[in-house]
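The listed protein sequences correspond, in order, to chains A and B.
Take 1 as the starting number for the first sequence in this note's numbering and just add one per residue.
Take 1001 as the starting number for the second sequence in this note's numbering and just add one per residue.
Taking it in order: structure first as structure tokens, then the write-up.
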Amino acid sequence: MLVLTRKAGEGFLIGDDIRITVIETKGGAIRIGIDAPPEKKIYRQEVFEKIRRENQEATRWDIQDLEQLSARLGEKKS
Amino acid sequence: MTATIRTRFGEVEYDPRNTLRFVEGPIGFGELRDFLVMPNHGGGPFFWIQSTEDTAVAFLLTDPTGFFPDYRVAPDAGERRRLGLEDGDVCHVLAVVTVRPERQVSLNLAAPVLYAPEKGRALQVVLENSPYSTRQPLPGSE
Chain A
1 MLVLTRKAGE
11 GFLIGDDIRI
21 TVIETKGGAI
31 RIGIDAPPEK
41 KIYRQEVFEK
51 IRRENQEATR
61 WDIQDLEQLS
71 ARLGEKKS
Chain B
1001 MTATIRTRFG
1011 EVEYDPRNTL
1021 RFVEGPIGFG
1031 ELRDFLVMPN
1041 HGGGPFFWIQ
1051 STEDTAVAFL
1061 LTDPTGFFPD
1071 YRVAPDAGER
1081 RRLGLEDGDV
1091 CHVLAVVTVR
1101 PERQVSLNLA
1111 APVLYAPEKG
1121 RALQVVLENS
1131 PYSTRQPLPG
1141 SE
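Given below as structure tokens:
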């Protein structure tokens, strides 16, 4: 991992279209400004990881699950 | 012209022109773009999509409003552009279904899949700061 030291007001670029600026540090938290093209999605890391894990778990279903689920919901409706 | 892939559910023949294309792969599966939409199974509210690039990857999807009638998600301007949506085009909102080993079923309402049928394009979006859960239990599935 590349590690850089920056002060408030300083920043860095990733490629030529993503600009990260340290806005301020306050009580252990760091406010960061990000300028990026709108098609670049920016996620908080913990949110991204949660969705990634859920997607991975979602691929582990089986045809039997689908059949049982469809049958069970069908019974409830009728 | 058809192509055939061997999935974990058996062999599937498909027309490569009729695939669903994720403009950006599902989250955590960024390299997977093309999926087949598999026919509705057993008349239930669920269907599934199968990756043509990784035969082990398939997602169960459903229309969440069938279970949560108040659930509303609209694509923002950037998402509309990426999906190629034009004025008047329909945009479906779908939820990824998770079936856990104990057969508990949940919908991921925090990261729905937007689907533009006219363009055959899809995109999974994250609803940050929303009240929706990644593991909303499916009503009636207990």
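For glycine and all other residues, C-beta sits at the position ideal for the given N, C-alpha and C.
Small disclaimer: the values here were computed from a predicted structure and weren't measured.
Nearest neighbour of residue i, chosen from the options [CA to CA]
i: Glu1079/B; options: Tyr43/A, Pro38/A, Asp16/A; result: Pro38/A
i: Asn1018/B; options: Gly1044/B, Ala1003/B, Glu1031/B; result: Ala1003/B
i: Ile42/A; options: Val1125/B, Leu1094/B, Ser1130/B, Arg1135/B; result: Val1125/B
i: Val1096/B; options: Asp1034/B, Ala1110/B, Arg1103/B; result: Ala1110/B
i: Thr21/A; options: Ile32/A, Ile14/A, Gly15/A; result: Ile32/A
i: Pro1075/B; options: Leu1032/B, Val1113/B, Met1001/B; result: Val1113/B
i: Pro1069/B; options: Val1093/B, Ala1056/B, Leu1085/B; result: Val1093/B
i: Phe1022/B; options: Arg1121/B, Tyr1071/B, Tyr1132/B, Pro1131/B; result: Arg1121/B
i: Trp61/A; options: Arg1008/B, Leu1085/B, Leu1032/B; result: Arg1008/B
i: Glu10/A; options: Gln64/A, Ile34/A, Phe48/A; result: Ile34/A
i: Val64/A; options: Leu1061/B, Thr1055/B, Val1099/B; result: Correcting the residue identity first, residue 64/A is Gln in this sequence and not Val. For Gln64/A, the nearest C-alpha among the options comes from Val1099/B.
Residue i burial status per 10 Å Cβ neighbour count (16 or more: buried)
i: Arg1082/B; result: buried
i: Lys40/A; result: exposed
i: Ile30/A; result: exposed
i: Lys7/A; result: exposed
i: Asn1129/B; result: exposed
i: Val3/A; result: exposed
i: Ala58/A; result: buried
i: Phe12/A; result: exposed
i: Arg1033/B; result: buried
i: Leu1085/B; result: buried
i: Ser78/A; result: Confidence is the limiting factor: at Ser78/A the pLDDT is only 48, short of 50, which leaves the residue's position unreliable and the question unanswerable from this model.
Range covered by the beta strand (DSSP E) that runs through residue i
i: Leu1138/B; result: Run containing Leu1138/B: none; DSSP gives neither H nor E here.
i: Lys26/A; result: 18-26
i: Val1097/B; result: 1092-1099
i: Asp1108/B; result: Per the sequence shown, the amino acid found at residue 1108/B is Asn instead of Asp. Taken as a continuous stretch (DSSP letters only), the beta strand (DSSP E) holding Asn1108/B covers 1105-1116.
i: Arg1006/B; result: 1003-1007
i: Thr985/B; result: Outside the displayed range of chain B (1001 to 1142) lies residue 985/B, so it cannot be described from this structure.
i: Phe1022/B; result: 1020-1024
i: Trp1048/B; result: 1046-1051
Enclosing alpha helix (DSSP H) for residue i [first to last residue]
i: Ala1077/B; result: 1077-1083
i: Arg52/A; result: 45-58
Interface flag, residue i vs chain E, CB-CB below 7 Å
i: Glu24/A; result: Protein chains in the displayed structure are A and B, and chain E is not among them.
Handout entry: contact_flag[the segment 64-74 of chain A, the segment 1125-1142 of chain B] where n(CB pairs < 8 Å) is 3 or more
Key = yes
Practice task
Taking 8 Å as the threshold, find out whether the segment 1045-1065 of chain B comes into contact with the segment 1005-1024 of chain B through three or more Cβ pairs.
Solution key: yes
Problem - Against chain A: residues of the segment 1083-1100 of chain B by CB proximity under 9 Å - result: Listed by position, the residues of the segment 1083-1100 of chain B near chain A (Cβ gap below 9 Å) are Val1096, Val1097, Thr1098, Val1099, Arg1100.
Exercise for the section: Would you check if there are 3 or more beta carbon pairs closer than 8 Å linking the segment 51-62 of chain A to the segment 1028-1044 of chain B? Expected result: Contact holds: three or more Cβ-Cβ distances are below 8 Å.
Exercise for the section: Check whether the segment 1089-1103 of chain B touches the segment 1032-1041 of chain B, counting contact only when three or more Cβ pairs, one atom from each stretch, lie closer than 8 Å. Expected result: no
Handout entry: Residues, ordered as in the chain, of the segment 1107-1140 of chain B that lie near chain A by beta-carbon distance below 9 Å
Key = Within the segment 1107-1140 of chain B, the qualifying residues are Asn1108, Ala1110, Ala1111, Gln1124, Val1125, Val1126, Glu1128, Thr1134, Arg1135, Leu1138, Gly1140.
Exercise for the section: Select from the segment 48-59 of chain A all residues with a C-beta closer than 8 Å to any C-beta belonging to chain B, and list them in chain order. Expected result: So the list reads Phe48, Lys50, Ile51, Arg52, Arg53, Glu54, Asn55, Gln56, Glu57, Ala58, Thr59, given in the order they occur along the chain.
Practice task
May I ask you to list, following chain order, the residues of the segment 1023-1049 of chain B that have a beta carbon less than 8 Å from some beta carbon of chain A?
Solution key: Glu1024, Pro1026, Ile1027, Gly1028, Phe1029, His1041, Gly1042, Gly1043, Gly1044, Pro1045, Phe1046, Trp1048
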